[in-house]
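Here is the structure we will look at, set down as structure tokens.
Protein chains: 2
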Amino acid sequence: MVRVVILGSGASLPTLYRQCAAVAVQYEGDVYLFDCGEGTQLQWRRAGLRFGRLRGIFISHLHGDHLNGLVGLLQTLSLNDRSDSLRLYGPPGIADYWAALGRYQGVRLGYPLEIVEAAPGLLLDATSHRIEAARLDHGPPTLGFALVESDKPGRFDVDLATALGVQPGPLFGRLQNGETVRLDNGQVVVPDQVLGPTRAGRRVAYCVDTRPCRAAVDLASNATVLVCDSTFGSELTEEANARGHCTAAQAAQMAAEANAQRLVLTHVSARYHDARPLLAEATAVFAESSMGRDLMEIVL
Amino acid sequence: MVRVVILGSGASLPTLYRQCAAVAVQYEGDVYLFDCGEGTQLQWRRAGLRFGRLRGIFISHLHGDHLNGLVGLLQTLSLNDRSDSLRLYGPPGIADYWAALGRYQGVRLGYPLEIVEAAPGLLLDATSHRIEAARLDHGPPTLGFALVESDKPGRFDVDLATALGVQPGPLFGRLQNGETVRLDNGQVVVPDQVLGPTRAGRRVAYCVDTRPCRAAVDLASNATVLVCDSTFGSELTEEANARGHCTAAQAAQMAAEANAQRLVLTHVSARYHDARPLLAEATAVFAESSMGRDLMEIVL
């Protein structure tokens, strides 16, 4: 199962309905956290997520609305008796930030925290899936992230294999695993003869905060879902871009260019008590747009 | 009006029902914040408090559960177009902490923030009321705080003044203000002749986190209400004191020694899903005990 849970869909000013940036992405039993605004640990509880499942935290940039929940969450994991090491990925400066908190707040954790100041590219490879980063266009060094499921082999055609003389049993498994096999009669069967086309893995891209940019489009290329910065409506396009953000329509344009299957708008400014106009502007450009909201779940 | 609003009644591990430490104390139009755990700004909104009323923030110590909401709150005040300067009081180290956040997070505020590394004694004097600090016994340097209303003159006895020959008018006001007056017939009337006994001002004491200690009892002396560390029940007395905290019964003992009128238990460990046993232990020692809960209001 791949599941995306929007923990905070708000921008720099949190409200009771849109808390600060945080998105949990679950791949089977592993959960990854993209950004950790203030209050993330309670949103995590509200969403029914389990702290023990957390495998990595990825911070896009060091602005408070993406970061201020980090210390509390890390301390809570410790108070919950975590002993497994945890990787924390973020832009340059995150190690110094953590060291300063240790110095002034006396933070002590009961598990190893490995801090990775991340560069664009492959960050984590878990065989069945991986996490990649791209450099976005926000202002301070900012990373976008994508959870990418590994491609799966095509479907095995039992009838075709039987017709070619392959006996059910170990040979079926070897062909499914991509091995060429030789039958008792000397005939050779290659996987392509009995497997359908390779099936592309699912892809969840998280591009927050950013102006419209090529790197975000590439990160979201053919994504199953793109969760994207959508701070303002079109009436504030200039301000959005001056501040390093997208409008809803620009997020939709990126989703279209990326050939994404679905767009979820997030990082919505507190000024929009009613965010339907933003959704309408996005949908006009890219039909499969949804308005993100706190605790929304998307199961892929 | 003096009003106490418990914004967070929990300890180091916040739950959905007990968030991290924060208490708002309102004196007429001025609101003071004692501690600022993660999520305080949203609790402030939930309580219906207005950001524009905030006159000072007082941090007891630099542990995360008393501090992690500070950056977000200060940024939110800025996004709300605050221009009035704000005083932030805390223990030694709070200025360096803030400087480090500025360095790594790029925090910029649109109003002057004056940081005061506070010593025990008088911190703020607003004529009608003042705020005092005491050094508690927790471990790291930790301050307790008390909002103290100035004593008020005794009630003016109109009948007595008239009998003494004082004509209603300006002389009444001067006597009420503590001035001696001379009547047309040459007779002198001093305020003590027409005023009742001085009325003691109200006092709200906040002693979190602390072991039982003399300084907390003194700070809470004759308090209208004492809001006190009550992390554990009596079954964990040793652990409570080893970690620099009080049990509910110890908080009650301090309230009794201080001759406080009322005790509110707070900083309750997440392990107590049902905190009634703690309240029972406190009430057995000090009858006027209440269990603090998030968004509880006490109007004095």
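Quick mapping for you: the protein sequence lines, in order, are chains A and B. Position in the first sequence counted from 1, then plus 1237, gives you this note's numbering. Position in the second sequence counted from 1, then plus 1237, gives you this note's numbering. A virtual CB, placed ideally from N, CA and C, is assigned to each residue, including glycine. The model shown is predicted, which means the values in this text are computed figures rather than measured ones.
- For L1373/B, there are no neighbours in chain A by C-beta distance under 7 Å, as the nearest C-beta there is about 16 Å away.
- With a threshold of 8 Å between beta carbons, Q1404/A makes no contact with chain B.
- Annotation: the region 1340 to 1407 of chain B contains the following complete segments of the alpha helix (DSSP H) (minimum length 4 residues), in chain order: 1395 to 1400.
- Contact check for L1270/A and F1288/A: beta-carbon distance about 11 Å, past the 8 Å limit, so the pair fails to qualify.
- In this structure, G1381/A sits near Y1443/A, with a CB-CB distance shorter than 8 Å.
- For the pair of segments examined, the region 1419 to 1437 of chain B was found not to touch the region 1491 to 1510 of chain B: the number of CB pairs separated by less than 8 Å stays below three.
- Nearest Cα to E1475/A within the set V1462/A, C1465/A and P1449/A: P1449/A.
- V1308/B and L1346/B have their C-alpha atoms spaced approximately 10 Å apart.
- Assigned with DSSP and collapsed to three states, G1274/B falls in coil, not helix or strand.
- Distance from the CA atom of P1329/B to the CA atom of V1505/A, rounded to whole angstroms, is 38 Å.
- Contacts between R1282/B and chain A, judged by CB atoms closer than 7 Å, involve L1253 in chain order.
- In the three-state scheme derived from DSSP, where H, G and I count as helix and E and B as strand, D1531/A is classed as coil.
- Considering only beta carbons, the part of the region 1320 to 1342 of chain A lying closer than 7 Å to chain B consists of G1330, D1333, Y1334, A1337, Y1341 and Q1342, in chain order.
- Here the alpha carbons of V1395/A and W1281/A stand approximately 44 Å from one another.
- Along the region 1499 to 1533 of chain A, none of the residues has a CB nearer than 7 Å to a CB of chain B.
- Interface residue (Cβ-Cβ distance to chain A less than 8 Å): E1476/B is not classified as such.
- When beta bridges are read from the DSSP output, T1313/A appears opposite no residue.
- In the displayed model, S1297/B falls within coil according to three-state DSSP, outside both helix and strand.
- Against chain B, a Cβ distance below 8 Å from H1300/A picks out Q1342 and G1343.
- In the three-state scheme derived from DSSP, where H, G and I count as helix and E and B as strand, D1466/A is classed as strand.
- E1518/A and A1452/A have their C-alpha atoms spaced approximately 23 Å apart.
- No Cβ-Cβ contact shorter than 8 Å links G1529/A with S1315/A.
- Proximity of T1313/A to chain B, defined by a Cβ-Cβ separation below 8 Å, is satisfied.
- Neighbours of E1275/B in chain A, taken as residues whose beta carbon is under 7 Å from its own, are E1275, G1276, G1306 and G1309 in chain order.
- Contact check for I1535/A against V1268/A fails: the beta carbons are separated by 8 Å or more.
- Judged by their CB atoms, R1255/A and A1507/A are nearer to each other than the 8 Å cut-off.
- In this structure, R1324/A and E1351/A form a Cβ contact; the two beta carbons are roughly 5 Å apart against a cut-off of 8 Å.
- Contact annotation: I1331/A and L1532/A have beta-carbon atoms that are not nearer than 8 Å.
- The beta carbon of Q1490/B lies closer than 6 Å to those of V1522 in the same chain, with the five residues before and after it left out.
- Interface criterion not met: the Cβ of L1350/A is under 8 Å from no Cβ in chain B.
- Across the set L1456/B, L1516/B and C1483/B, the C-alpha of C1483/B shows the shortest separation from the C-alpha of H1375/B.
- The beta carbon of L1286/A sits no closer than 8 Å to any beta carbon of chain B.
- In the DSSP assignment, Q1430/A falls within the alpha helix (DSSP H) that extends over P1428 to V1431.
- Cα atoms of P1349/B and S1322/B: separation of roughly 5 Å, rounded to the nearest angstrom.
- Cβ atoms of L1432/A and V1418/A stay farther apart than 8 Å, at about 12 Å.
- In the DSSP assignment, Q1263/A falls outside any alpha helix (DSSP H) and within the unbroken beta strand (DSSP E) covering A1259 to Y1264.
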